[in-house]
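Numbering (the working numbering), first residue to last: 545 to 1044. Glycine residues also receive a C-beta, built at the ideal position from the N, C-alpha and C atoms. Here the structure is laid out as structure tokens; the discussion comes afterwards.
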């Protein structure tokens, strides 16, 4: 196999698996492929790691009796980027935390190599003897957001480290770590990162996928809603869509959702349109942003079905996004089947890939209520709630994403998510979500709002249930002169504090 890698030629960047636990990344140098990577380290940890606890880090190959590890590489047909996917599967007999750290030690000359942070996106780096690249680390549908990013300014490789530096020179290695991956026996997680050739910084895309269903009828329209933003001034950017028939491969509808040129008071914009209706068939909806030749895409599969083919499901999801373990969640909605011969419909709710609720409901048009409780030991992180309805023949599915917070420490979050751009005089209506589980000792907490480090009126609230939602409102001054300002929401209790 080695000779195949040595004789492989390409126009630019590619990655290939080289062994059970290894991969390599190649780029064109002097008309031939040359390895960019001197060594790849793949490490696992079961606990938080710092500089003093590096001895607790384990090599992936030492865990083969309890952890299955698979590598998949995806190379762009134009050789502009490569994606490395690492899948961890717990094949042991007990649930365990498997934090993953990947370190790339570069083959380029370190004394002429350097690193520079790309805000909200990843890392730009130049390798001596090679070229420039972007390691896409977050806010991209093809990658898994990393929690820790380390930069190696010397040969001493460290694992599960994080650097707050925006620049580094010289450059020996870069690491990315994905933490708090708790896997039950048989459970898997796939973690991906992308290396892009040369500059790559498309506009960020925030697509509200909860508005897009998996299936529609021929009379229904598809609702596309979201926002997009860019970091640089005086730049034309656009958000677009393309609906492609999956059988013919032809576009049946496409267009611009919103476009504008960034300037001092406007670095982001939103879109909210409906398209269709469309004929029966299987489609891929592609929503993407563009700046020059740089694009960022999200793909969603959609089926247009005959009117009476599937159960009709309309779910009214909870308005809240943040929860703690042992919280009861109530879902309401309509579940019915146009086929009157179907007297009952089987419903189920999946949480973290497992059925957490199931019931047969009558085929009527009355509103129905479904309840389930988040399991006690659920780790922090994002989770999909999947609701399914089956009439014995076909299944309709609806999905919502929630975030689980730690129920052992004081924390604060904000609902809904702040937009990135506002105008002078705009009013911000939001809710501070405070989680303070120690209701016996911490009976009260105080919420502070700071605008540019200036304290606004504070609020004191009783801590009765462990998680409290406090509505807040704030107005941006009409005479504001600064381009970028900071709004902080802080909470303090008797012994703890947190901020957002």
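Give me the Cα-Cα distance between residue i and residue j, rounded to the nearest whole angstrom.
i, j, result
"residue 1013", "residue 774", "31 Å"
"residue 983", "residue 991", "In this prediction, residue 983 scores a pLDDT of 45, lower than 50, which makes its location untrustworthy; no coordinate-derived value is stated."
"residue 859", "residue 845", "20 Å"
"residue 668", "residue 626", "15 Å"
"residue 608", "residue 854", "44 Å"
"residue 758", "residue 881", "17 Å"
"residue 755", "residue 786", "17 Å"
"residue 577", "residue 559", "11 Å"
"residue 652", "residue 997", "44 Å"
"residue 1016", "residue 628", "43 Å"
"residue 843", "residue 827", "10 Å"
"residue 1023", "residue 1029", "13 Å"
"residue 549", "residue 561", "Below a pLDDT of 50, predicted positions are generally treated as unreliable, and residue 549, at 31, falls in that range; the measurement from the model is reported next regardless. Distance between the alpha carbons of residue 549 and residue 561 is about 10 Å."
"residue 978", "residue 922", "18 Å"
"residue 877", "residue 908", "12 Å"
"residue 722", "residue 690", "5 Å"
"residue 752", "residue 571", "36 Å"
"residue 740", "residue 661", "14 Å"
"residue 563", "residue 557", "19 Å"
"residue 684", "residue 885", "45 Å"
"residue 791", "residue 750", "28 Å"
"residue 732", "residue 1020", "45 Å"
"residue 748", "residue 947", "21 Å"
"residue 724", "residue 695", "21 Å"
"residue 692", "residue 589", "13 Å"
"residue 1129", "residue 967", "Outside the shown range of the chain (545 to 1044) lies residue 1129, about which nothing can therefore be said."
Suppose the cutoff is 7 Å on Cβ atoms and the five residues either side in sequence are ignored; what does the same chain contact list for residue i look like?
i, result
"residue 637", "729"
"residue 656", "672"
"residue 993", "1000, 1016, 1018 and 1033"
Starting from residue i and walking both ways along the beta strand (DSSP E), at which residues does that stretch end?
i, result
"residue 876", "872-880"
"residue 1029", "Segment: none, residue 1029 is in no beta strand (DSSP E) and carries neither H nor E."
"residue 598", "Where residue 598 is concerned, there is no enclosing beta strand (DSSP E), given that its DSSP letter is neither H nor E."
"residue 626", "625-634"
"residue 706", "It is not in any beta strand (DSSP E) - residue 706 carries neither H nor E in the DSSP assignment."
"residue 742", "Per DSSP, residue 742 belongs to no beta strand (DSSP E) and is neither H nor E."
"residue 761", "From DSSP, residue 761 is part of no beta strand (DSSP E); its letter is neither H nor E."
"residue 792", "Taken as a continuous stretch (DSSP letters only), residue 792 belongs to no beta strand (DSSP E), as it is neither H nor E."
"residue 838", "838-848"
"residue 619", "611-619"
"residue 563", "558-563"
"residue 750", "748-751"
"residue 670", "666-672"
"residue 677", "676-680"
"residue 941", "939-948"
How about residue i and residue j: are their beta carbons less than 8 Å apart?
i, j, result
"residue 641", "residue 726", "yes"
"residue 697", "residue 677", "no"
"residue 919", "residue 862", "no"
"residue 635", "residue 610", "yes"
"residue 899", "residue 879", "no"
"residue 630", "residue 644", "yes"
"residue 768", "residue 817", "yes"
"residue 703", "residue 582", "no"
"residue 658", "residue 712", "yes"
"residue 945", "residue 892", "no"
"residue 820", "residue 764", "yes"
"residue 851", "residue 761", "yes"
"residue 744", "residue 838", "yes"
"residue 831", "residue 738", "no"
"residue 802", "residue 809", "no"
"residue 917", "residue 871", "yes"
"residue 602", "residue 591", "no"
What residues are listed by DSSP as bridge partners for residue i?
i, result
"residue 783", "802 and 833"
"residue 890", "904 and 934"
"residue 884", "BP columns for residue 884 are empty, so no partner."
"residue 583", "649"
"residue 1075", "Since the first residue shown for the chain is 545 and the last is 1044, residue 1075 is missing from the structure and cannot be characterised."
"residue 730", "None, per the DSSP bridge assignment."
"residue 722", "644"
"residue 773", "748 and 812"
Under 6 Å Cβ to Cβ from residue i, same chain only, skipping five residues before and after it: list those, please.
i, result
"residue 806", "774, 777 and 779"
"residue 995", "1031"
"residue 699", "716"
"residue 734", "629 and 631"
"residue 903", "891"
"residue 746", "833, 835, 838, 839 and 840"
So, at 8 Å on beta carbons, what are the nonlocal neighbours of residue i in its own chain, with the 5 sequence-adjacent residues on each side left out?
i, result
"residue 584", "566, 567, 568, 646, 647, 648 and 649"
"residue 874", "862, 913, 914 and 915"
"residue 888", "904, 905, 906 and 907"
"residue 682", "664, 665, 666, 689 and 690"
Would you say residue i faces chain C, with C-beta separation under 8 Å as the test?
i, result
"residue 716", "Note that chain C does not occur in the displayed structure, where there is just one protein chain."
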